[in-house]
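Let me begin by presenting the structure, written as structure tokens, before commenting on it.
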Amino acid sequence: MKFFLDTANLDEIRDAASTGVLDGITTNPTLISKEANTFEDQLLKICSLVDGPVSAETVSRDAGGMIEEARHLAKLHRNIVVKCPMTKDGLKATKILSGERIRVNVTLVFSAPQAIMAAKAGAYFVSPFVGRLDDVGQSGMDLIRDIVTIFNNYEYKTEVLVASIRNPIHVVQAALMGADICTMPAKVFEQLFKHPLTDKGVEQFLKDWETVPVIK
Ligand code: G3P
Numbered sequence: 001m002k003f004f005l006d007t008a009n010l011d012e013i014r015d016a017a018s019t020g021v022l023d024g025i026t027t028n029p030t031l032i033s034k035e036a037n038t039f040e041d042q043l044l045k046i047c048s049l050v051d052g053p054v055s056a057e058t059v060s061r062d063a064g065g066m067i068e069e070a071r072h073l074a075k076l077h078r079n080i081v082v083k084c085p086m087t088k089d090g091l092k093a094t095k096i097l098s099g100e101r102i103r104v105n106v107t108l109v110f111s112a113p114q115a116i117m118a119a120k121a122g123a124y125f126v127s128p129f130v131g132r133l134d135d136v137g138q139s140g141m142d143l144i145r146d147i148v149t150i151f152n153n154y155e156y157k158t159e160v161l162v163a164s165i166r167n168p169i170h171v172v173q174a175a176l177m178g179a180d181i182c183t184m185p186a187k188v189f190e191q192l193f194k195h196p197l198t199d200k201g202v203e204q205f206l207k208d209w210e211t212v213p214v215i216k
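So in this note's numbering the end of the sequence shown lands on 216, straight run, no missing numbers.
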């Protein structure tokens, strides 16, 4: 399973990348708006910190605008994956961009039919938002199970990128279901390393070690 950080913050990315287990980055317009930098410059800085896919979102409503933005973004760095929204225009753009070998992450996916359409359009990643579905009383993880099953049934190459992750349980469930990637905020990434019994065990071992005679 690949782990992406869902952020545009360079300090968070630097810290997560230093662990050696970070595989990529996803951004969206909201995350970019939190950083005081131009879009392009921020993307290039992110690409210099992580050697893996970096998703950058288009903001046009129409396919033509998305395609133009996507071509521009894809030229910035070889690791850029362009995000198009799960709309009819977004899928028209996805089909054309995939034909040009520009990788597309179809975002804002909330149903299995949408995921199928994205795969048929040639999406490189499909991003179902589990947390936002949970927020409105639907099961985000049931959607992941359905998408993984469908993509396996038809051997679609599109990778399932689980987004809008809120906690480590989402990550474990996604792994059990065979999803390809989880993208998560830095807080959840940190939580994946931790268990209170590990901290307690380290404390106890170090305390006991102090009683071991040292050869001088
Ligand atoms: O970047 C897409 C997605 O992960 C956003 O998540 O937390 O805003 O629902 P969230």
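Heads up, the beta-carbon is just placed ideally off N, CA and C, and yes, glycines get one too.
Exercise for review: Would you decide whether Gly140 is buried or exposed? Buried here means 16 or more other CB atoms lie within 10 Å of its CB.
Suggested key: By the 10 Å Cβ count, Gly140 comes out buried.
Check your understanding: Which residues in the same chain as Ser60 place their Cβ atom closer than 7 Å to its Cβ, once the five residues preceding and following it in sequence are excluded?
Key -> Result list for Ser60: Met66, Glu69, in chain order.
Practice item. Tell me, please, which residues DSSP counts as bridged to Lys194. Key: DSSP output for Lys194 lists no bridge partner at all.
Exercise for review: With DSSP collapsed to three states, give me the class of Gly137.
Suggested key: Of the three classes helix, strand and coil, the one that applies to Gly137 here is coil, per DSSP.
Review point. For Ser164, is the beta carbon positioned less than 7 Å from some heavy atom of the ligand G3P?
Key: Yes, the Cβ of Ser164 comes within 7 Å of a heavy atom of the ligand G3P.
Review point. Any chance the CB of Gly246 is under 7 Å from a heavy atom of the ligand G3P?
Key: This structure cannot settle anything about residue 246, because the visible part of the chain is limited to 1 through 216.
Point to revise | Sequence-distant residues of its chain with Cβ nearer than 7 Å to Ile165 (five each side left out) | key: Contacts found: Val130, Gly131, Val171, Cys182, Thr183, Met184, Val188.
**Study point:** Contact under 8 Å by Cβ, Ile80 with Val109
**Key:** Contact check for Ile80 against Val109 fails: the beta carbons are separated by 8 Å or more.
Review point. Which residue's Cα is closest to the Cα of Asp180: Tyr156, Glu203, Ala56?
Key: Answer by Cα proximity: Tyr156.
Exercise for review: Flag this pair as yes or no: are the beta carbons of Ile144 and Ala174 separated by less than 8 Å?
Suggested key: Yes, they are a contact pair.
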